[in-house]
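Our numbering puts the first residue of the sequence shown at 361, with every later residue one more than the last. In what follows, a structure is listed as structure tokens, so that the remarks can point back to it.
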Amino acid sequence: MDLLNTLVDKGLRRELPTRDEALAVLATSDDELLDVVAAAGKVRRQWFGRRVKLNYLVNLKSGLCPEDCSYCSQRLGSKAEILKYTWLKPDQATKAAAAGVAGGAKRVCLVASGRGPTDRDVDRVSQTIEAIKEQHEGVEVCACLGLLSEGQADRLRSAGADAYNHNLNTSEETYGDITTTHTYADRVDTVQQAQAAGLSACSGLIAGMGESDADLVDVVFSLRALDPDSVPVNFLIPMEGTPLAKKWHLTPQRCLRILAMVRFVCPDVEVRLAGGREVHLRSMQPLALHLVNSIFLGDYLTSEGQSGQTDLDMIADAGFEVEGAGTTTLPEHRAPSAGGCGSHEGGCAPCGEPAGSDRATSEASGPAAAQPAGAPEAVAARTDLVAVRRRGAGTDLAPNA
């Protein structure tokens, strides 16, 4: 295909595709899917070889969030039966992080629900960062605490944080349809504060909320302009008790096309396969490794992932290798940044929920129930693949790592 040859050439030169080219990737047929994956895979290997970076989430504070993000099980008014607990102590968080590091994670992502941290919260997280760094020399630590106030990014950086995660999630035009308690501009401001403080910025998106192809391209082009080091791609898991119930629009094929489009638009950035991969990609997860160079290991914030050992086996069986602690993630021309953290399921949402970690069976309500023009039709729900997290951080049970 002339389109794919053009996109590969542009990706190898770090040249931005046109919007029409990005839209054309999303519009390719299933018959063309392997060609799309192969083409985007060339760009991925150019900048990242066959390395896969492992990241591990620690949910420092779960549930009881005052924000109304429609995709989130920790949101205001959520009826999801998730774990709810207040701040983990530094030794508890360090113990949880140790499980991920032992499993091969190069980065630990510390996430807390809420609109944003108070200064006392920043002190609390700073103590946790220092404790993790003391026990695990060389491990990267990313914070995901919501909207930052002036000076807080600098304080996190001084405590040893390497990165800060805050996702854009969807296009600016449709942002008000999923959240009303803060704005798209608030998110952009927080990412820019992190960058100004010298933190590696991580910001990504959630696919599957009923958005159109144009919305997906809009948010990815906005991310390219914002220039984070890491772009987590999350796939919504409509969790019981949230307004985005029954929003099942994703197929494995569509997920792969979305990941390929992100890779073409952000060729030399750490693209992280985040929340929802097990539910929506299912047996096609190994193909996604040809497009992304980073994943989360084990469980997410409020939902369970596949076993950590299964993740490691999948990477090895697909012919990839786990990126070691001594390897710089990003290409040399993006140094000295160390790469970004995501959420929520890779990326993390501002309220601390790994974006896309929820599933639901109740009826959708409110503005989020509107269906944008050009949005994909609903597909069969696979709620059997989703389980609420009942182990690891905040519990007495061993973590999955």
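Quick reminder that beta carbons are idealized off the backbone N, C-alpha and C, glycines included. Just so we're clear, the structure is a prediction, and the values are computed from it rather than from any experiment.
Practice item. Closer than 6 Å by C-beta to Ala472: which residues in its own chain qualify, once you throw out the five before and the five after it? Chain order, please. Key: Leu420, Lys421, Leu505 and Gly712
Exercise for review: Might you give, ordered along the chain, the residues of its own chain that have their beta carbon closer than 7 Å to the beta carbon of Lys378, omitting 5 neighbours on each side?
Suggested key: The sequence as given places Thr at residue 378; Lys does not occur at that position. For Thr378, where only same-chain residues beyond five positions count, there are no Cβ hits under 7 Å.
**Study point:** CB-CB length for Ile566 against Thr530, believed under 8 Å
**Key:** 7 Å
Check your understanding: Around the C-beta of Arg405, are 16 or more other C-beta atoms found within 10 angstroms, so that it is buried, or is it exposed?
Key -> exposed
Check your understanding: Between the C-alpha atoms of Ala384 and Asp391, what's the straight-line distance to the nearest angstrom?
Key -> 14 Å
Point to revise | C-alpha gap between Gly511 and Val682, whole angstroms | key: 35 Å
Check your understanding: How would you write the range of the beta strand (DSSP E) that Cys562 sits in, first residue to last?
Key -> Ser560 to Cys562
Check your understanding: Assuming Arg475 and Glu427 make a contact with CB atoms under 8 Å, what is their CB distance in whole Å?
Key -> 5 Å
Check your understanding: Closest to Ala400 by CA distance: which of Ala387, Gly635, Lys370 and Glu737 is it?
Key -> Lys370
**Study point:** CB of Ala557 within 9 Å of CB of Tyr535, strictly
**Key:** no
Point to revise | Selected residue, minimal CA-CA separation from Tyr445, among Val461, Arg632 and Arg751 | key: Arg751
Practice item. Label Gln669 either buried or exposed according to how many other C-beta atoms from any shown protein chain fall within 10 Å of its C-beta, with 16 as the threshold for buried. Key: exposed
Exercise for review: Measure the alpha-carbon distance for Arg373 versus Gly679 and round it to whole angstroms.
Suggested key: 26 Å
Exercise for review: Return the bridge partner residues of Cys615 from the DSSP annotation.
Suggested key: Paired residues: none, contrary to the question.
Practice item. Taking the CB atoms as reference points, tell me whether Arg623 and Val631 lie closer together than 9 Å. Key: yes
Check your understanding: Secondary structure at Asp573, three-state DSSP: helix, strand or coil?
Key -> helix
Exercise for review: Determine, using beta carbons only, whether Ala634 and Phe595 come nearer to each other than 9 Å.
Suggested key: yes
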